[in-house]
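Beneath this line is the structure, given in structure tokens, with notes to follow.
2 protein chains.
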Amino acid sequence: MAEREADRSVSQTVRAQLALRDLILSGSLRPGERISELQAVETTGVSRTPVRMALVRLEEEGLLEAIPSGGFMVKAFSERDILDSIELRGTLEGLAARFAAERGVSPRDLEPLKECLNEIDVLISPDPMSVEAFSAYVALNGRFHALLAELSRSAPVARQIDRASALPFASPSGFVMAQSALPEARQILLIAQDHHRIVLDAIENREGGRAEAIMREHARLAARNLRLALRNRTRLDLLPALALIRSAVD
Amino acid sequence: MAEREADRSVSQTVRAQLALRDLILSGSLRPGERISELQAVETTGVSRTPVRMALVRLEEEGLLEAIPSGGFMVKAFSERDILDSIELRGTLEGLAARFAAERGVSPRDLEPLKECLNEIDVLISPDPMSVEAFSAYVALNGRFHALLAELSRSAPVARQIDRASALPFASPSGFVMAQSALPEARQILLIAQDHHRIVLDAIENREGGRAEAIMREHARLAARNLRLALRNRTRLDLLPALALIRSAVD
DNA sequence: TGGATACTGATTGTATACATCTTTGGTCGC
DNA sequence: GCGACCAAAGATGTATACAATCAGTATCCA
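Protein chains in written order, with numbering that gives the first Met the number 0: chain A, 0 to 249; chain B, 0 to 249.
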């Protein structure tokens, strides 16, 4: 009951969507649980109309599932669902990289990506990375992947990548924070950064197949991160998305 | 003002969605045109609430685009957008086929697909195929592709394929009807059917790479169909989706 | 005692009224 | 004559009231 009268700039629908998403990812709403609209109205402080709009959008986003008899429930994911979602994103990013390579990109277009990589270099340079560095990495990594999707110059492909990355555990840096405390963490980021450089090199030299393959492999690093985080059981609190996993975290 | 009181079994939202989709695909609503909610209310005969719900769903479907200042407009597609969407679907179906091959499927699971192919064989056997045969082919072909997506046993992948195929010009048999009058048509269907057989063979023998590659190539038949239909300019009336193409059909 | 049916409560789907914002047309000023 | 500003009309975003459907429970009959 804090920010009941939050800033008027964003629509009520967006506010409800953000609030409900937080509730889902934080685990306040359990997988399989039916979402009561009236309850959501009380929680979010907006009326039923924007709440319903938000529910529809969250369903399209993949966090909710429509109940045949009406209404929505929180979707449950298996560990394999998550791994598949990561492979899916890798496949789509691979397609984007291949398009970029085949169609050619100007040095001017590559500029922001290289700049992004240089900034990442600075972040991952100190050997025990700080938590803030990990956090900054997440932002820069997301930026790099977004720029890469644009590089395909294909609106349909970029759109599909966005939708595939919408699920928090499928996003490019979904499991980075989880292992910020592990010693292997920095090593994995160094490898990831190498992938970044390779894909740009492949695109520059118009090697479509190579660009595609490296992006697929790159996504599999996320899967490795996930397994690492689950096995070590450390800092799982940094992964709100895991509240959605069914029978993986018991 | 005919079916104002259509059957009560479907919700008003679905009815509005179907009606609006028809209006868009038939070209009654031009690309770039803002969709007036009140006008949609008059056209569809339902009230504003379900109309707005339908608009949100059609946006997620990819047929509409949100206007920053509010409301929606009909999306415009370039010819390249369409070709990219086809390649996108092929890539996703390739992933599904690879998953099916790698994970293995039981003969029991393959049964309905083989049955489907046998039915298609009967349809494309007579040399001058009838228009009804083409129409039946569209249905069976859609069924085969849906079954193949299921075969991946990956809900996220199947879901993404559904969404990629939602755009009419990206769907598996999007451009089949357009060339039902052309002599090359049957030949292309014979090749497509060969692809179908090959992918099942690859899956049966757990050849993931082969299964993936053939599905990618298979999708490119749709691109070939599109070019063929556009060049011949025959039966373009059978392609309502072309109303969305910007600057390709002038 | 078990099962089926009817009833009641609650929840979702729909319609409409209201407020705010955008857009468009006209007029005034430069 | 052109541009900017203001006003009015229409559009969308929001809230709420109503209707219909679904789930749960209790009772009645076999």
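C-beta atoms are modelled at their ideal positions from N, C-alpha and C, and glycine is treated no differently.
- In the three-state reduction of the DSSP assignment, residue 34 of chain B falls in the strand class.
- As DSSP reads the structure, residue 65 of chain B sits in a beta bridge with B:71.
- Contact of residue 56 of chain A with chain B is assigned, a C-beta pair being separated by under 8 Å.
- In the structure shown, residue 76 of chain A falls within a strand segment according to DSSP collapsed to helix, strand and coil.
- Put simply, the CB of residue 212 of chain B is far from chain A, with every gap to its CB atoms at 8 Å or more.
- With respect to the 8 Å criterion, residue 15 of chain A and residue 53 of chain A are classified as neighbours on the basis of their beta carbons.
- Across the structure, residue 179 of chain A and residue 143 of chain A are spaced so that their CA atoms are roughly 20 Å apart.
- Beyond the five residues adjoining it in sequence on each side, residue 146 of chain B comes within less than 8 Å, by CB distance, of 111, 112 and 115 in the same chain, given in chain order.
- Under a 10 Å Cβ-count criterion, residue 159 of chain B is classified as buried, with 16 or more other Cβ atoms of the shown protein chains found around its own Cβ.
- Within the region 102–131 of chain A, no residue places its CB atom closer than 7 Å to a CB of chain B.
- Within the region 156–169 of chain A, the residues whose Cβ lies closer than 9 Å to some Cβ of chain B are 156, 158, 159, 162, 163, 166 and 169, listed in chain order.
- Against chain B, the CB of residue 80 of chain A has a partner CB under 8 Å away; the residue lies at that interface.
- The C-beta distance from residue 140 of chain B to residue 171 of chain B rounds to 6 Å, short enough to fall under 8 Å.
- CA-CA distance, residue 168 of chain A to residue 120 of chain B, rounds to 43 Å.
- In the DSSP assignment, residue 59 of chain B falls within the alpha helix (DSSP H) that extends over 47–60.
- Nearest Cα to residue 117 of chain A within the set A:154, A:87, A:29 and A:195: A:195.
- Judged by their CB atoms, residue 19 of chain B and residue 43 of chain B are nearer to each other than the 8 Å cut-off.
- Inter-residue distance for residue 28 of chain A and residue 241 of chain A is about 13 Å (C-alpha atoms, whole angstroms).
- Chain A places no beta carbon closer than 8 Å to that of residue 146 of chain B, leaving this residue out of the contacts.
- Distance between residue 177 of chain B and residue 72 of chain B, taken at the CA atoms: about 27 Å.
- The closest CA to that of residue 226 of chain B, considering only B:22, B:37, B:31 and B:85, is found on B:85.
- Taking 8 Å as the upper bound for CB-CB distance, residue 70 of chain B and residue 33 of chain B are in contact here, some 6 Å apart.
- Counting only runs of 4 or more residues that sit fully inside the region 111–182 of chain A, the alpha helix (DSSP H) segments are 130–150 and 154–164, in chain order.
- Chain A places a beta carbon closer than 8 Å to that of residue 59 of chain B, counting this residue as a contact.
- Sixteen is the threshold: since fewer than 16 other Cβ atoms of the shown chains lie within 10 Å of the Cβ of residue 130 of chain A, the residue is exposed.
- The CB of residue 84 of chain B comes closer than 7 Å to the CB of 155 in chain A, given here in chain order.
- Only exposed fits residue 9 of chain B, as fewer than 16 other CB atoms lie within 10 angstroms of its CB.
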